[in-house]
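Q:
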DNA sequence: TAGTGGTCTAGACCACACC
DNA sequence: GTGTGGTCTAGACCACTAG
């Protein structure tokens, strides 16, 4: 039974009720919730109404639904912190990659990450609106820009979706990728470029259908987005990159020197 | 009628179909979609099935549903870029606030923001798990930490939710807030502190019910989260802050000096 | 008042995971 | 097979917004 009659729709009251059980510990992390039929009887509502409530709890990340098994209170995800130090006089490369290869001052919380590999999804001449935007970031014409899409695989699972836009003389990174594992390594070790940040930007977005499928999350899930332009020693832009990853498992930390 | 029979559920095929119409420009930004009854007749499915499809499009941000009016293809939101320069030898304050007051090298894309004010939601001694976490960030015991919750209002609308954890000698900022408008101004101008970054971190999360209500978005919407610790000149931590804002309207840019 | 989306029901059947 | 969540229907009524 529902304690609060309220003006809220039924499914929202039910969601609030269940949410309270989770907050107060009546339902604990990892614990299985009563099944939908049981809940619909408990609250004396149709099963669809319960489903609406549970779906909201899923979207806010309070519960995890495993088809054919049951619904469980979410356990805190293992967060991966990518740390970089600031100010950086000469940022030699890319903090994500550095953190992943776990050398230098950058590090990832907990044990260092192993077996992170970047996999080519597609490669070719860029076109359309994206190419024009990239061209602006890269201080070049849109005609000669290549687009490289990759997926970073961590512990065998898709972790970060990357889209690179590269002027033609940097595009060879795509060929060298299989050998070096990561795009930045291909540019540094394979092609001998000295890379440093020009700018980085953080935002958040809802996963579209494609991103959702590739990251194996629900469409609309929060993604952390990191855009940026990396340049070579003489100041020329080497690439514009957009990285997208699950918001609940990634965190970028910037430490400032005292 | 649906072109692709596919193994996908009906509502997903319908969502994909509508999504294609939007991508290809058959349905243009700002345009009103056919209403649910019309769509259910067009696809020969129940209205609920159409609703499920449209709900997904709403979650990925492709359409905007206005109750009592109709469903419209989303127009690109006006993004607010908060820019800060790096490296910063002595980061004098907080880039968010600086950008908002639009002075110095920090700036916000487009015209400078006016009438941004920070409003107290609650204030008191911190407790529970949060207090313990904050204490760790602040290098102090959890007993003497105050928590200040505020909402930043921009153009009359809620924009950023802030939670500050402050050691007792910085907590007076709460009293001075009404006079100075922003917490950081209260600390700098009101109390004379010289503030600088210790660290900042970016992540993304789904709006919980409280956040959703306060920001007037749907529960589960993507939020950009920026955590950080700001210290005073002698290195002591002044506060730990967590800011949450709509992911689709905020972007933090870090520019690196050449 | 007319048109739109929002909520809810009762019941059916399907798909998946585990035993 | 049994139990779980996933999809879909037909139909009803409610709540909001605009003219």
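Chains as they are written, first to last, in the numbering used here: chain A, 5 to 262; chain B, 5 to 262. Quick reminder that beta carbons are idealized off the backbone N, C-alpha and C, glycines included. Since the model is a prediction, treat every value here as computed from it, not as a measurement.
#1: Return the Cβ separation of residue 84 of chain B and residue 255 of chain B in integer angstroms, given the expectation that the two are a contact with Cβ distance under 8 Å.
#2: Once DSSP output is grouped into helix, strand and coil, what is the label at residue 31 of chain B?
#3: Have a look at residue 194 of chain A and residue 184 of chain A and give me their C-alpha separation to the nearest angstrom.
#4: Taking residue 195 of chain A as part of the alpha helix (DSSP H), name the residues at either end of that continuous run.
#5: With a threshold of 7 Å on Cβ separation, who are the neighbours of residue 220 of chain B within its own chain once the five nearest residues in sequence on each side are excluded?
#6: Taking residue 226 of chain A and residue 209 of chain B to be in contact with their CB atoms under 8 Å, please state how far apart those CB atoms are, rounded to whole angstroms.
#7: Please tell me whether residue 56 of chain A and residue 75 of chain A are closer than 9 Å, where the distance is taken between their beta carbons.
#8: Starting from residue 79 of chain B, trace the alpha helix (DSSP H) in both directions and tell me its first and last residue.
#9: Thinking C-beta only, is residue 124 of chain A closer than 9 Å to residue 143 of chain A?
#10: Do residue 32 of chain A and residue 77 of chain A have their beta-carbon atoms positioned less than 9 Å apart in this structure?
#11: Could you give the C-beta distance for residue 86 of chain B and residue 257 of chain B, rounded to a whole number, given that I count them as a contact under 8 Å?
#12: Distance cutoff 9 Å, beta carbons only. Does residue 114 of chain B sit that close to anything in chain A?
#13: For residue 21 of chain B and chain A, any beta-carbon pair shorter than 9 Å?
#14: Go to residue 161 of chain B, then tell me how far its beta strand (DSSP E) extends in each direction, as first and last residue.
#15: DSSP three-state call for residue 54 of chain A: helix, strand or coil?
#16: By Cβ distance, which residues of its chain are closer than 8 Å to residue 25 of chain B, with the 5 residues on each side in sequence left out?
#17: Is there at least one Cβ from chain B nearer than 9 Å to residue 192 of chain A's Cβ?
#18: Do three or more CB pairs link the segment 200-217 of chain A to the segment 226-238 of chain A at distances below 8 Å?
#19: Considering only the alpha carbon of each residue, which of B:150, B:135, B:141 lies closest to residue 201 of chain B?
#20: What number of angstroms, rounded off, separates the C-alpha of residue 104 of chain B from the C-alpha of residue 81 of chain B?
#21: Step through the CB atoms of chain B and report whether any lies within less than 9 Å of the CB of residue 162 of chain A.
#22: My assumption, with CB atoms under 8 Å, is that residue 147 of chain A sits in contact with residue 197 of chain A. Please give the rounded CB distance.
#23: My output table needs one value for residue 157 of chain B: the three-state DSSP class, helix, strand or coil.
#24: Just how far apart, CA to CA, sit residue 135 of chain A and residue 173 of chain A?
#25: So the alpha helix (DSSP H) residue 207 of chain B belongs to, where does it begin and stop?
#26: So the beta strand (DSSP E) residue 258 of chain B belongs to, where does it begin and stop?
#27: How about residue 120 of chain B and residue 70 of chain B: are their beta carbons less than 9 Å apart?
#28: Can you check whether the CB of residue 199 of chain A is closer than 9 Å to the CB of residue 235 of chain A?
#29: Kindly say whether residue 255 of chain B, judged by its beta-carbon, lies nearer than 9 Å to any beta-carbon of chain A.
#30: Who are the near neighbours of residue 268 of chain B in its chain, counting only those whose CB is closer than 8 Å to its CB and skipping five residues on each side?
#31: Taking the alpha-carbon positions, what's the residue 34 of chain A to residue 21 of chain A distance?
#32: Chain B partners of residue 169 of chain A, CB-CB under 7 Å?
#33: In this structure, does DSSP put residue 20 of chain B in helix, strand or coil?
#34: Report yes if the C-beta distance between residue 53 of chain B and residue 47 of chain B is below 9 Å; otherwise report no.
#35: Chain A partners of residue 201 of chain B, CB-CB under 7 Å?
#36: Where residue 188 of chain B and residue 213 of chain A are concerned, what is the direct C-alpha to C-alpha distance, given to the nearest angstrom?
A: According to the data block:
#1: In the second chain, the residue the question calls residue 84 of chain B occupies position 80. In the second chain, the residue the question calls residue 255 of chain B occupies position 251. Right, their Cβ atoms sit about 7 Å apart.
#2: Numbered from its first residue, the second chain carries residue 31 of chain B at position 27. The answer is coil: DSSP assigns residue 31 of chain B none of H, G, I, E or B.
#3: Here residue 194 of chain A is taken as the residue at index 190 of the first chain, counted from 1. Here residue 184 of chain A is taken as the residue at index 180 of the first chain, counted from 1. Spanning the two alpha carbons is a distance of roughly 7 Å.
#4: As a first step, residue 195 of chain A is located in the first chain; it is residue number 191 there, counting from the start. Unbroken run through residue 195 of chain A: none, as it is neither H nor E.
#5: The sequence position of residue 220 of chain B within the second chain is 216, counting from 1. Cβ neighbours of residue 220 of chain B beyond the five flanking positions: 162.
#6: One-based indexing of the first chain puts residue 226 of chain A at position 222. One-based indexing of the second chain puts residue 209 of chain B at position 205. Right, their Cβ atoms sit about 6 Å apart.
#7: If you number the first chain from 1, residue 56 of chain A lands on position 52. If you number the first chain from 1, residue 75 of chain A lands on position 71. Going by C-beta atoms, residue 56 of chain A is not nearer than 9 Å to residue 75 of chain A.
#8: If you number the second chain from 1, residue 79 of chain B lands on position 75. Careful: residue 79 of chain B lies outside any alpha helix (DSSP H) and carries neither H nor E.
#9: Indexing the first chain from 1 puts residue 143 of chain A at position 139. Indexing the first chain from 1 puts residue 124 of chain A at position 120. Cβ atoms of residue 143 of chain A and residue 124 of chain A: not closer than 9 Å.
#10: Here the question's residue 77 of chain A lines up with position 73 in the first chain. Here the question's residue 32 of chain A lines up with position 28 in the first chain. A contact, by the Cβ cut-off of 9 Å.
#11: For this step, residue 86 of chain B is matched to residue 82 along the second chain. For this step, residue 257 of chain B is matched to residue 253 along the second chain. About 7 Å separates the two Cβ atoms, so the contact holds.
#12: The residue given as residue 114 of chain B occupies position 110 in the second chain. With a pLDDT of only 39 at residue 114 of chain B, under 50, the local geometry of the prediction cannot be trusted, and no value is derived from it.
#13: Counting from one through the second chain, the residue named residue 21 of chain B turns up at place 17. Not one chain A Cβ lies under 9 Å of residue 21 of chain B.
#14: Here residue 161 of chain B is taken as the residue at index 157 of the second chain, counted from 1. Unbroken beta strand (DSSP E) run through residue 161 of chain B: 161-171.
#15: Working through the first chain from its first residue, we reach residue 54 of chain A at position 50. Three-state DSSP puts residue 54 of chain A in a helix.
#16: For this step, residue 25 of chain B is matched to residue 21 along the second chain. Taken in chain order, the residues that qualify are 31.
#17: Within the first chain, the letter at position 188 stands for residue 192 of chain A. Taking Cβ atoms only, chain B never reaches closer than 9 Å to residue 192 of chain A, which makes this a no.
#18: yes
#19: Here the question's residue 201 of chain B lines up with position 197 in the second chain. Answer by Cα proximity: B:141.
#20: In the second chain, residue 104 of chain B corresponds to position 100, counting from 1. In the second chain, residue 81 of chain B corresponds to position 77, counting from 1. Any reading at residue 104 of chain B is ruled out, since the residue's pLDDT is 47, under 50, leaving its predicted position unreliable.
#21: Locating residue 162 of chain A in the first chain gives position 158, where the first residue counts as 1. Taking Cβ atoms only, chain B never reaches closer than 9 Å to residue 162 of chain A, which makes this a no.
#22: Here residue 147 of chain A refers to the residue found at position 143 when the first chain is read from its first residue. Here residue 197 of chain A refers to the residue found at position 193 when the first chain is read from its first residue. The pair is not a contact, with the Cβ atoms about 22 Å apart (cut-off 8 Å).
#23: Indexing the second chain from 1 puts residue 157 of chain B at position 153. Residue state, collapsed to three classes: strand.
#24: Residue 135 of chain A sits at position 131 when you count from the first residue of the first chain. Residue 173 of chain A sits at position 169 when you count from the first residue of the first chain. The straight-line gap from Cα to Cα measures roughly 16 Å.
#25: As a position in the second chain, residue 207 of chain B is number 203, starting the count at 1. Element bounds for residue 207 of chain B: not the alpha helix (DSSP H) but the beta strand (DSSP E), 199-210.
#26: Residue numbering aside, residue 258 of chain B sits at position 254 when the second chain is read from its first letter. Segment 254-260, the beta strand (DSSP E) holding residue 258 of chain B.
#27: Locating residue 120 of chain B in the second chain gives position 116, where the first residue counts as 1. Locating residue 70 of chain B in the second chain gives position 66, where the first residue counts as 1. For residue 120 of chain B and residue 70 of chain B, no; Cβs fall outside 9 Å.
#28: Counting from one through the first chain, the residue named residue 235 of chain A turns up at place 231. Counting from one through the first chain, the residue named residue 199 of chain A turns up at place 195. Cβ distance < 9 Å, so residue 235 of chain A and residue 199 of chain A count as in contact.
#29: Stepping through the second chain from its first residue, residue 255 of chain B is reached at position 251. True, the Cβ-Cβ gap to chain A drops below 9 Å.
#30: As shown, chain B starts at 5 and ends at 262. That puts residue 268 of chain B outside it, with no answer to give.
#31: For the purposes of this step, residue 34 of chain A is taken as residue 30 along the first chain, with counting starting at 1. For the purposes of this step, residue 21 of chain A is taken as residue 17 along the first chain, with counting starting at 1. Approximately 18 Å between the Cα atoms of the pair.
#32: Residue mapping note: residue 169 of chain A aligns to position 165 of the first chain, counting from 1. None at all; the shortest Cβ gap to chain B is about 18 Å.
#33: Here residue 20 of chain B corresponds to residue number 16 of the second chain, with the count starting at 1. Reduced to three states, the DSSP call for residue 20 of chain B is helix.
#34: Counting from 1 along the second chain, the entry for residue 53 of chain B is found at position 49. Counting from 1 along the second chain, the entry for residue 47 of chain B is found at position 43. For residue 53 of chain B and residue 47 of chain B, yes; Cβs fall inside 9 Å.
#35: For the purposes of this step, residue 201 of chain B is taken as residue 197 along the second chain, with counting starting at 1. Going along chain A in sequence order, the residues near residue 201 of chain B (Cβ under 7 Å) are 260.
#36: As a first step, residue 188 of chain B must be located in the second chain, where it is residue number 184. As a first step, residue 213 of chain A must be located in the first chain, where it is residue number 209. Rounded to whole angstroms, residue 188 of chain B to residue 213 of chain A spans 40 Å at the Cα level.
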